[in-house]
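Structure record follows, encoded as structure tokens.
Numbering (UniProt numbering), first residue to last: 1 to 441.
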């Protein structure tokens with residue numbers, strides 16, 4: 001105790017660090033990769049481990065697993081954070097690893113947030129992974145296929161970690177209770193507080209332990225039993241922020257879920273994913289832009305009004321701001337979720353684009369060519385063209401508009417939904433007129 005009356009303890013690490021396991025049997029979760037008999041667990045227990053990329057959400061045990069691997073491999077552990085380190089720090093750690101290796105001591109180099117390193121920084125590790133100077137363990141919350149270069153991925157196995165289950169988090173909570181009891185402090189947590197804590201943790205053990213520790217420190221002191229209640233946790237976290245990482249995997253997963261919900265005609269799901277994006281701090285105009293894509297790709301001519309409604313929602317946001325603008329985008333999302341669906345235009349456009357790319361540039365038929373000069377007219381350009389408005393029903397039955405090499409080919413096949421049913425009927429009617437005209441020829 002110092003002269004101000006404050007008592008200092010030897011270990012001031014946060015609870016999450018104090019409870020970090022030192023043996024595999026205490027590791028919580030990730031049974032799909034670390035359960036008994038799995039290849040990774042066997043390799044760790046045997047002390048034979050190759051370089052790894054640990055990919056998973058925050059608080060799922062990436063750092064803990066790296067430290068356990070170092071323990072079982074009897075390797076010194078060196079740590080770098082890609083947020084603060086550069087090539088200079090990488091070289092220093094590699095040099096230290098070489099010195100340890102000269103004394104028969106292996107080094108496990110753990111790089112947190114490895115996706116933040118650029119290509120040159122990632123490349124700096126490669127020769128030292130290959131020659132065995134280091135066991136490389138990289139941790140990332142981003143998809144390695146996008147965040148890491150191919151050279152790194154070819155040298156390190158990707159291990160996918162998942163959010164912890166409620167059962168996993170309950171086990172972590174029980175360990176926290178035991179820890180405080182061993183420190184001479186009896187802590188109790190009510191069942192509704194436990195349920196709320198698991199909800200707030202959202203699969204993140206570090207978040208759970210941080211909240212637990214804050215609650216213990218905030219609860220009434222000087223009592224025989226420290227009671228953790230749901231109200232206490234609500235005071236600590238008055239509003240739960242949904243998991244979100246701007247322009248990261250979670251962001252694109254949410255956008256994907258939103259798009260597929262609209263395409264799947266489920267307005268409630270569309271609103272849910274849209275609100276998840278908003279509450280996570282996402283840009284509502286990104287959703288507005290996606291709605292324009294949906295209007296063209298997934299609705300098309302089954303309901304052409306969808307494009308206008310999407311543009312109107314965007315315009316509303318620009319004119320009146322987020323409060324009413326976000327609601328206008330929600331209105332457009334619900335409308336599109338319930339609009340008739342067709343990807344006929346989307347498919348026809350992609351097929352035609354591919355056809356044009358893969359085939360010669362056919363000549364424009366003479367009767368369709370422009371004839372602005374006397375020479376062009378002498379060549380017969382435009383001579384046999386039939387002006388549609390001079391034809392019955394403003395349709396030149398039997399007229400040919402595609403190159404001769406594409407005769408009879410059909411790309412746009414309207415669906416039988418929404419307005420496209422009428423377009424389908426119209427195309428069938430025009431085809432009948434064409435057949436009749438050919439019969440007269």
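We put the CB at the ideal spot given by N, CA and C, even for glycine.
None of these values were measured; they are calculated from a predicted model.
For residue 188, the enclosing beta strand (DSSP E) has its first and last residue at 186-189. Membership of residue 325 in the alpha helix (DSSP H) is indicated by the continuous run 322-338. Here residue 82 has 111, 112, 113, 114, 115, 116, 117 and 121 as same chain residues with Cβ atoms under 8 Å from its own Cβ, once five neighbours each way along the sequence are excluded.
For residue 343, the CB contacts under 7 Å within the same chain, skipping 5 residues up- and downstream, are 297, 298 and 300 in chain order. Counted as a single uninterrupted DSSP element, the beta strand (DSSP E) harbouring residue 226 occupies residues 225-228. With a minimum length of 3 residues, the unbroken runs of beta strand (DSSP E) contained wholly in the segment 99-135 fall at 107-112.
Note that the C-beta distance between residue 66 and residue 134 is not below 8 Å. Inter-segment contact for the segment 82-92 and the segment 187-205 is absent: fewer than three beta-carbon pairs are separated by less than 8 Å.
Put simply, of 280, 44 and 274 the residue whose alpha carbon is nearest the alpha carbon of residue 288 is 274. Looking at the DSSP output, residue 141 bridges to nothing. Per the DSSP secondary-structure output, residue 52 pairs in a beta bridge with 137 and 157. Between residue 270 and residue 59, the beta carbon gap of about 29 Å keeps them out of contact (Cβ cut-off 8 Å).
For the 8 Å CB-CB criterion, residue 418 and residue 340 form a contact. Remark: three or more beta-carbon pairs, one from each stretch, lie closer than 8 Å, so the segment 402-409 and the segment 357-364 are flagged as touching. In the displayed model, residue 250 falls within a helix according to three-state DSSP. Residue pairing of residue 77 in beta bridges, as defined by DSSP: 108. Straight through space, the alpha carbons of residue 302 and residue 416 are spaced by roughly 8 Å.
When the beta-carbon positions are compared, residue 174 and residue 15 stay at least 8 Å from each other. Comparing alpha-carbon positions, the option among 189, 80 and 337 lying closest to residue 266 turns out to be 337.
Rounded to the nearest angstrom, the Cβ distance from residue 119 to residue 149 is 5 Å, consistent with a contact under 8 Å. Per DSSP, residue 162 is not a residue of any alpha helix (DSSP H), being assigned neither H nor E. By the C-beta criterion, the segment 69-81 is judged to be in contact with the segment 46-57, since at least 3 inter-stretch pairs fall below 8 Å. Taken atom to atom, the span from the alpha-carbon of residue 401 to that of residue 422 is near 22 Å. Cβ neighbours of residue 437 within its own chain (closer than 7 Å, five residues either side excluded): 397 and 398. Between the beta-carbon of residue 33 and that of residue 24 there is about 12 Å, and that puts the pair past the 8 Å contact cut. The beta carbons of residue 294 and residue 335 sit about 11 Å from each other, so the pair does not count as a contact at 8 Å. Per the coordinates, the alpha-carbon of residue 159 lies some 56 Å from the alpha-carbon of residue 364.
Annotation for residue 97: 107, 133 and 134 place their beta carbon closer than 6 Å to its own, counting only its chain and skipping 5 residues before and after. With 16 or more neighbouring CB atoms inside 10 Å of its own CB, residue 80 falls in the buried class. Here the C-alpha atom of residue 370 lies approximately 35 Å from the C-alpha atom of residue 292. Under the DSSP assignment, residue 217 falls in the alpha helix (DSSP H) whose first and last residues are 205-218. A straight line joining the alpha-carbon of residue 353 with that of residue 306 spans about 24 Å. For a cut-off of 8 Å, the C-beta gap from residue 215 to residue 236 is around 6 Å, short enough to register as a contact.
A Cβ-Cβ distance of about 16 Å is found for the pair residue 368 and residue 395, leaving them out of contact under the 8 Å criterion.
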